[in-house]
Amino acid sequence: NAGVTQTPKFQVLKTGQSMTLQCAQDMNHEYMSWYRQDPGMGLRLIHYSVGAGITDQGEVPNGYNVSRSTTEDFPLRLLSAAPSQTSVYFCASSYSGTGTGNTIYFGEGSWLTVV
Amino acid sequence: AQSVTQPDIHITVSEGASLELRCNYSYGATPYLFWYVQSPGQGLQLLLKYFSGDTLVQGIKGFEAEFKRSQSSFNLRKPSVHWSDAAEYFCAVVDYKLSFGAGTTVTVRA
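Here the protein sequences come in this chain order: G and V.
To convert, note that position 79 of the first sequence is 425 in this note's numbering; the numbers rise steadily by one, no gaps.
To convert, note that position 10 of the second sequence is -5 in this note's numbering; the numbers rise steadily by one, no gaps.
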């Protein structure tokens, strides 16, 4: 059981470049989300999805796009990378909405540096 | 909206000593509360969670946490820390999303 898999683990981008962070889970979870982690700020929600075809914005959505064409995959796209997007990104999934208190599983993180 | 406060940014503790990490939450209804640990360069690992029932929750790695509604707190404790407990610890509360505290970094000295 692979759990939540994120790729790439490390990436360096130039300002203005675009890229996609991949996230896949094999637990048939409906709820998936992306967080970014910055020093002293904990983790902040970027976007989330409650099922295939359904996405919504979190706290810090600007500069990011998501889609959910399948239950398994939830890619995060940086449209035009900026230095402010240098961060560690975590994908998470759970069986259903987090409001039910279900355990949330995290990927191992993607370290992104924008120069 | 829910929020989580971890008052201590950094704690240093001697190996073998006890550890307590503070967490205060703001949430209108019965909260679902979590503690996660993150070792350097690693992802987040769930230590324990509270949904309802017994207010003293046991987790992995010898950690426990106590939910105190009257104080809006969910403090994490370990009676005797090991060098491998050096990490960053996050408290989180759940509504439609996880809201994390800013984290507490724990340093363990020999």
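Every residue gets a Cβ at the ideal spot worked out from N, C-alpha and C, and that includes glycine.
Bear in mind that the values here come from a model prediction, so they are computed numbers and not experimental data.
Measuring only between beta-carbons, confirm whether G:E454 sits less than 8 Å from chain V. Residue numbering aside, residue 454 of chain G sits at position 108 when the first sequence is read from its first letter. It does; some Cβ of chain V falls within 8 Å.
How many Å lie between G:G362 and G:M378 at the Cα? Numbered from its first residue, the first sequence carries residue 362 of chain G at position 16. Numbered from its first residue, the first sequence carries residue 378 of chain G at position 32. Cα to Cα, G:G362 sits roughly 27 Å from G:M378.
List the residues of chain V that G:T449 touches, going by C-beta distances under 9 Å, in chain order. Within the first sequence, the letter at position 103 stands for residue 449 of chain G. Simply F19, L31 and K34.
Any Cβ of chain G within less than 8 Å of the Cβ of V:Q43? Here residue 43 of chain V is taken as the residue at index 58 of the second sequence, counted from 1. No, because no Cβ of chain G sits closer than 8 Å to the Cβ of V:Q43.
Specify whether the stretch 364 to 381 of chain G and the stretch -7 to 0 of chain V touch according to this definition: at least 3 beta carbon pairs, one from each stretch, less than 8 Å apart. no
Looking only at its own chain, which residues have a Cβ that is under 8 Å from the Cβ of G:G455, when we skip the five neighbours before and after it? Residue 455 of chain G sits at position 109 when you count from the first residue of the first sequence. These residues qualify, in order along the chain: Q352, K355, Q383, V434, Y435 and F436.
Would the beta-carbon of G:L425 fall within 8 Å of that of G:E405? Numbered from its first residue, the first sequence carries residue 425 of chain G at position 79. Numbered from its first residue, the first sequence carries residue 405 of chain G at position 59. Taking 8 Å as the Cβ cut-off, G:L425 and G:E405 do not qualify as a contacting pair.
So if I threshold CB-CB distances at 8 Å, which residues from the stretch 379 to 403 of chain G count as touching chain V? S379, Y381, G386, M387, G388, L389, R390, L391 and Y394
State whether the stretch 47 to 66 of chain V contacts the stretch 7 to 21 of chain V, with contact taken as three or more CB pairs (one from each stretch) at a distance under 8 Å. yes
So, is V:K63 buried or exposed, given that buried needs 16 or more other C-beta atoms within 10 angstroms? Along the second sequence, one-based indexing puts residue 63 of chain V at 78. Answer is buried; the Cβ neighbour count reaches 16.
Which whole runs of the beta strand (DSSP E) in the stretch 370 to 443 of chain G are 3 residues long or more, in chain order? 377 to 383, 389 to 397, 400 to 403, 410 to 412, 422 to 424 and 433 to 440
Span separating the alpha-carbon of G:V350 from that of V:G28: Residue mapping note: residue 350 of chain G aligns to position 4 of the first sequence, counting from 1. Residue mapping note: residue 28 of chain V aligns to position 43 of the second sequence, counting from 1. Using only the alpha carbons, I get a separation of about 11 Å.
For chain V, find out if any of its Cβ atoms is closer than 8 Å to the Cβ of G:F436; answer yes or no. Here residue 436 of chain G corresponds to residue number 90 of the first sequence, with the count starting at 1. True, the Cβ-Cβ gap to chain V drops below 8 Å.
Among V:R54, V:A87, V:N60 and V:L33, nearest to V:P16 - alpha-carbon criterion: Counting from 1 along the second sequence, the entry for residue 16 of chain V is found at position 31. It is V:R54 whose Cα lies nearest to the Cα of V:P16.
At 9 Å on the CB atoms, spell out the chain G contacts of V:G86, in chain order. Within the second sequence, residue 86 of chain V is the residue found at index 101, counting from 1. Per Cβ cutoff of 9 Å: G388.
Quick one: does the C-beta of G:I392 sit closer than 7 Å to a heavy atom of the ligand NAP? The model depicted lacks the ligand NAP and carries no ligand whatsoever.
According to DSSP, is V:R62 helix, strand or coil? In the second sequence, residue 62 of chain V corresponds to position 77, counting from 1. In the structure shown, V:R62 sits in a strand (DSSP, three-state: E or B).
Supposed close pair G:T432, G:T459 - CB separation, criterion 8 Å: The count along the first sequence starts at 1 and reaches residue 432 of chain G at position 86. The count along the first sequence starts at 1 and reaches residue 459 of chain G at position 113. Right, the Cβ-Cβ distance comes to about 5 Å (below 8 Å), so this counts as a contact.
Using a Cβ-Cβ distance under 8 Å, would V:G47 count as near chain G? The residue labelled residue 47 of chain V in the question sits at position 62 within the second sequence. Taking Cβ atoms only, chain G never reaches closer than 8 Å to V:G47, which makes this a no.
Per-residue DSSP class, three states only, for V:S24: If you number the second sequence from 1, residue 24 of chain V lands on position 39. Coil.
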